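Protein chains: 2
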Amino acid sequence: MAKVMTHMCMSLDGFVAGPDDDPGELFDWYWVGDVEVPSARPDMTFQVDADSAAVLRELTSGCGALVAGRRLFDITDGWGDEHPVGAPVVVVTHRPPPDDAAGPLPRTTFTGSVQEGIATAKEIAGDRDVTIASADIIQQALNLGLVDELCISQIPVLFGSGLRYFGELVGDHVMLDDPIVVPGVRALHLRYPVRR
Amino acid sequence: MAKVMTHMCMSLDGFVAGPDDDPGELFDWYWVGDVEVPSARPDMTFQVDADSAAVLRELTSGCGALVAGRRLFDITDGWGDEHPVGAPVVVVTHRPPPDDAAGPLPRTTFTGSVQEGIATAKEIAGDRDVTIASADIIQQALNLGLVDELCISQIPVLFGSGLRYFGELVGDHVMLDDPIVVPGVRALHLRYPVRR
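Line by line, the protein sequences give chains P and G.
One point on numbering: in the working numbering, the residue at position 6 of the first sequence is 267, and numbering is uninterrupted.
One point on numbering: in the working numbering, the residue at position 158 of the second sequence is 419, and numbering is uninterrupted.
See below:
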C-alpha cells in the first residue's frame with residue numbers, strides 16, 4: 262500500500278536550514294560522486310556516489326506526489342511547476358495561489374489543511390508513495406499520526422541553530438522502528454518506520 | 262594518540278533527556294539483547310545485541326578518563342565514585358565538592374574550567390581516550406575546538422523537546438567526516454571524526 266513518507270537533508274544536530282534559510286552544506290552530497298542520476302528537470306543531473314544513487318533512484322521512482330508548505334513553495338518559486346523529483350506537488354496554504362506565477366501550474370494543487378493536502382496527494386499518487394518535503398508540514402502530520410516512515414539524509418555537519426526537521430510534539434514521544442541504513446558519501450541515508 | 266571523544270545516547274531529533282531530565286527510552290538498548298557486557302560495577306551488567314556489545318566494549322576499554330558536568334555529577338550522586346565505564350571522573354564545576362558526599366571520592370577530580378578539565382583528564386588517561394559525557398561540557402569543548410570525535414548512540418524515537426546533545430555554536434558550522442556506522446538493536450552507533 263502507498264506510504265506517507267518524509268524526506269529531508271538534516272544536519273547531525275537536527276537542522277534542515279540555517280536561521281537565514283541557507284541550506285549550507287546539506288546538499289553537498291548531491292554533487293560529490295561520479296554516478297549520474299538524472300532529475301525530472303533537463304537542466305539538473307545529480308552526481309552522487311553509487312550507494313546514494315540507489316537511494317535517490319528509489320526515492321524518486323517511488324514518489325507519486327509531494328506535499329510542501331507555502332514557505333518552501335514561495336522560496337523555490339514553486340519549482341517552476343516542475344519539481345526535480347518529477348511528481349506533482351500539493352501545497353498546503355491558507356493563502357490563495359500567487360498572482361504573479363509565471364504561468365499556469367497544472368502540476369501544482371493548493372489545499373487548505375495538512376489532512377486535506379495528504380488526502381489529495383494520496384489520490385494523485387495512486388499506489389505510489391506520498392513524500393512530505395517541508396519541516397512544518399512534517400511536524401503537523403506527525404502530530405496528526407499521518408506519517409508512515411521518516412527518511413533522513415543525515416549530513417556530517419553541526420549547524421548550531423536554524424530550522425529543525427522535527428519540532429515540538431503535542432503528545433507522547435513518537436516511537437520508531439530501527440532504521441534501514443545506507444552510508445553514502447557526505448550523507449548517511451536513514452529510513453525509520455513510525456510505530457503505531 | 263589519545264583522542265578527546267564524546268559519547269551520549271540521543272533521540273533522532275537531538276535530545277539526550279526530556280525537559281524533566283528523564284532519559285525516556287534512550288537507554289532501552291542496554292537491556293534488550295542476549296549478550297552480557299559487564300560494567301565496572303558488580304551490580305550492573307548490560308544485556309545488548311552482539312553488534313552493540315562490540316561498540317560498548319570498545320568504548321569502555323578505550324576510555325581512560327571521563328569528563329562530566331556538575332549537573333550530571335549531582336543527578337547521579339557522582340556514580341558513588343565508581344562510574345560504570347570504570348574510568349576516573351573529572352568534574353567541571355565552579356562550586357566546591359559536595360559536603361554530603363557519602364565518603365571520600367579518590368577516583369573523582371574537581372576542576373574549574375572545561376580546558377582544565379580536559380587537560381587533567383588527558384593526564385589521567387595517558388594513552389587512552391578521554392570521553393566527555395555531559396551535553397553542556399560537550400558544547401563548550403566543541404566551541405573551544407577541543408573535540409576529536411563525536412560518538413552518538415542514536416535512538417529510534419522523537420522526543421519533541423528537552424536537553425539537546427549539541428547546542429549553539431559560537432562560530433561557523435562544525436564540519437565532520439563521514440561516520441563509522443554500527444547498526445544495533447534500538448540504537449544506531451555513529452562515530453564522526455571532527456574536521457580541523
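Idealized CB from N, CA, C, for every residue including glycine.
Quantities reported herein were computed from a predicted structural model and do not represent experimental measurements.
{"query": "Backbone secondary structure at residue 334(G) - three-state DSSP", "result": "helix"}
{"query": "Residue 316(G) in three-state terms, based on DSSP", "result": "helix"}
{"query": "Partners in chain G for residue 418(P), counting only beta-carbon separations shorter than 8 Å", "result": "434, 435, 436 and 437"}
{"query": "Sequence-distant residues of the same chain with beta carbon closer than 7 Å to residue 323(P), five excluded per side", "result": "389 and 390"}
{"query": "Residue interval of the beta strand (DSSP E) (run including residue 351(G))", "result": "350-353"}
{"query": "The region 299-308 of chain G touching the region 354-373 of chain G, judged by at least three CB pairs closer than 8 Å", "result": "no"}
{"query": "Buried or exposed by the 16-neighbour rule on C-beta atoms within 10 Å, applied to residue 433(P)", "result": "exposed"}
{"query": "Listed by chain order, chain A residues near residue 447(P) by CB distance under 9 Å", "result": "Of the protein chains in the structure, P and G, none is chain A."}
{"query": "Short CB-CB distance (under 8 Å) between residue 273(P) and chain G", "result": "yes"}
{"query": "Validate contact between the region 327-344 of chain P and the region 278-290 of chain G using beta carbons, cut 8 Å, 3 pairs", "result": "no"}
{"query": "Three-state secondary structure assigned by DSSP to residue 374(G)", "result": "coil"}
{"query": "Sequence-distant residues of the same chain with beta carbon closer than 6 Å to residue 347(G), five excluded per side", "result": "301"}
{"query": "Chain G within 8 Å of residue 322(P), Cβ atoms only", "result": "no"}
{"query": "Beta-carbon proximity check, residue 296(P) vs residue 278(P), cutoff 8 Å", "result": "no"}
{"query": "Amino acids of chain G, ordered along the chain, whose beta-carbon sits closer than 9 Å to that of residue 284(P)", "result": "Within 9 Å Cβ-Cβ: nothing; residue 284(P) doesn't reach chain G, min ~11 Å."}
{"query": "Contacting residues, own chain, Cβ-Cβ under 8 Å from residue 429(P) (five flanking each side not counted)", "result": "400"}
{"query": "Backbone secondary structure at residue 395(P) - three-state DSSP", "result": "coil"}
{"query": "C-beta neighbour in chain G for residue 405(P), strict 8 Å", "result": "no"}
{"query": "Any C-beta of chain G under 8 Å from that of residue 430(P)", "result": "yes"}
{"query": "Where residue 425(G) falls, given that 16 or more other Cβ within 10 Å makes a residue buried", "result": "buried"}
{"query": "Neighbour flag for residue 291(P) against chain G, beta carbons, 8 Å", "result": "no"}
{"query": "Cβ distance (whole Å) where residue 392(G) is taken to contact residue 271(G) below 8 Å", "result": "The Cβ separation is near 15 Å, so there is no contact."}
{"query": "Which residues DSSP lists as bridging residue 445(P), in chain order", "result": "448(P)"}
{"query": "Uninterrupted beta strand (DSSP E) stretches inside the region 404-439 of chain G (no shorter than 3 residues)", "result": "410-416"}
{"query": "Pair within 8 Å by beta-carbon distance, residue 369(P) and residue 397(P)", "result": "no"}
{"query": "Minimum Cβ-Cβ distance from residue 421(G) to chain P less than 8 Å", "result": "yes"}
{"query": "CA-to-CA distance, residue 395(P) to residue 314(P), given in whole angstroms", "result": "22 Å"}
{"query": "Cβ separation of residue 444(P) and residue 273(P), assumed to be a contact under 8 Å, to the nearest whole Å", "result": "Not really, about 14 Å apart at Cβ, beyond 8 Å."}
{"query": "Within-8 Å CB hit, residue 444(G) to chain P", "result": "yes"}
{"query": "Sub-8 Å separation of residue 351(G) and residue 326(G) beta-carbons", "result": "yes"}
{"query": "Member of 344(P), 355(P) and 427(P) whose CA lies at the smallest distance from the CA of residue 321(P)", "result": "344(P)"}
{"query": "Which residues DSSP lists as bridging residue 305(P), in chain order", "result": "Residue 305(P) pairs with nothing; no bridge assigned."}
{"query": "9 Å Cβ cut-off: residues of chain G touching residue 307(P)", "result": "Per Cβ cutoff of 9 Å: no residues; residue 307(P) is ~18 Å from chain G at best."}
{"query": "Residues near residue 355(G) by beta carbon distance below 7 Å, same chain, minus five either side", "result": "373"}
{"query": "Straight-line Cα distance separating residue 268(G) from residue 379(G)", "result": "15 Å"}
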